[in-house]
Amino acid sequence: MVGSRSRIGGLFNRLSIKRNERFLDYPLTPIQEERLQKLQERLQTPFDETCPDHQEALRALWRIAFPNAALKGLISEQWKEMGWQGPNPSTDFRGCGFISLENLLFFGQTYPASFHRLLYKQDGNRATWEYPFAVAGINVSFMLIQMLDLYSEKPKNLPGLNFLKLLEEDEEAFDVLYCIAFEMMDAQWLAMHASYMEFNEVLKATRTQLQRELSLDDVHRIQDLPAYNLLYQ
């Protein structure tokens, strides 16, 4: 039995190596290469609390989230209402950079109904100890970057490869995918009857579901993802 298992294990290893080699060998189209490079440049941009553009992006996010409440300052206890860990949101961006703020801002500007539904936890039987909206959003950004292998020269997995096809069709594919992933995470949260301490399990389940959808053969545009239907404006 040991020999049989060894042969089977060796076969699986060879198949895995061949599959990975296929991902390594594929050529990028000029559009894919250009858009992937732009996206990777965004990944390298840290959040700078002294930068006027970054400050204005934070203010814009507040106006979208709470249009009827005046923001007292970029450092204020008010930020906790959005789900930041403390009065200074800039400290939460250190793990993911400016792109995580861009993702939240895009979500609020493009799909405001979905954005506010998740921010205010409007649907479903909610937990007593809910996930903090803003920090959850940063975690979704980080999860996507890792899942799609975006720090590599080019993705080396099937979801990442298929994502490049979506990016070729739509330059905003990553930002839209972020909105979809956030909605998927909230749906998983409700389905799992989760509470705050189970957030990582919910995020892991979200990643698994999203990987599955990105591996479907009939997904050619971001709108072809089954979970795209979770979004509404």
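Here the sequence shown stands for residues 1041 to 1273, numbered as in this note's numbering. Note that beta-carbon positions come from the ideal geometry of N, C-alpha and C, so glycine has one too.
What did DSSP end up calling Thr1090 once you bin it into helix, strand or coil? Coil, per DSSP.
query = Quick one: Cα of Gly1123 to Cα of Val1242, how far?
reply = Taking the straight line joining both Cα atoms gives about 17 Å.
Practice problem: Return the CA-CA distance between Glu1080 and Leu1159, expressed in angstroms with no decimal places. | Solution: Per the sequence presented here, residue 1080 reads as Gln, with Glu not at that position. The alpha-carbon atoms of Gln1080 and Leu1159 are separated by roughly 28 Å.
**Message:** Quick check: Pro1086 and Gln1125, are their CB atoms within less than 9 Å of each other?
**Reply:** Pairing Pro1086 with Gln1125 gives a Cβ-Cβ distance that is not under 9 Å.
Checklist entry - Considering only C-alpha positions, which residue in the set Ala1176, Leu1201, Arg1075, Met1187 is nearest to Asp1257? => result A check of alpha carbon separations from Asp1257 across Ala1176, Leu1201, Arg1075, Met1187 identifies Leu1201 as the nearest.
Alpha carbon to alpha carbon, what distance is there between Ser1140 and Phe1239? Taking the straight line from one Cα to the other gives about 18 Å.
Handout entry: Which of helix, strand or coil DSSP assigns to Ala1097
Key = DSSP places Ala1097 in helix when its eight states are reduced to three.
Query raised in the report: If Gln1149 and Ile1104 are in contact, beta carbons under 8 Å, what's the gap, nearest whole angstrom?
Result: At roughly 7 Å, the Cβ-Cβ gap stays under 8 Å, so Gln1149 and Ile1104 are in contact.
Exercise. Anyone know if the C-beta pair for Gly1113 and Leu1144 falls short of 9 Å?
Worked result: A distance of 9 Å or more separates the beta carbons of Gly1113 and Leu1144.
Handout entry: Classification of Ala1231 by the beta-carbon crowding that lies within 10 angstroms, buried from 16 upward
Key = Flag for Ala1231 reads exposed.
**OP:** Evaluate Pro1266 with the Cβ neighbour count: other Cβ atoms within 10 Å of its Cβ, from every protein chain shown; 16 or more gives buried, anything less gives exposed.
**Re:** Counting of Cβ neighbours within 10 angstroms places Pro1266 among the exposed residues, the total staying below 16.
Near Ala1234, what residues of its chain come up, given a Cβ to Cβ distance below 6 Å and the 5 sequence neighbours on each side ignored? Here the set comprises Val1242.
Could you say which of Gly1135, Ile1115, Ser1130 lies nearest to Met1183 if we only look at CA atoms? Closest in C-alpha terms to Met1183, from the list Gly1135, Ile1115, Ser1130, comes Gly1135.
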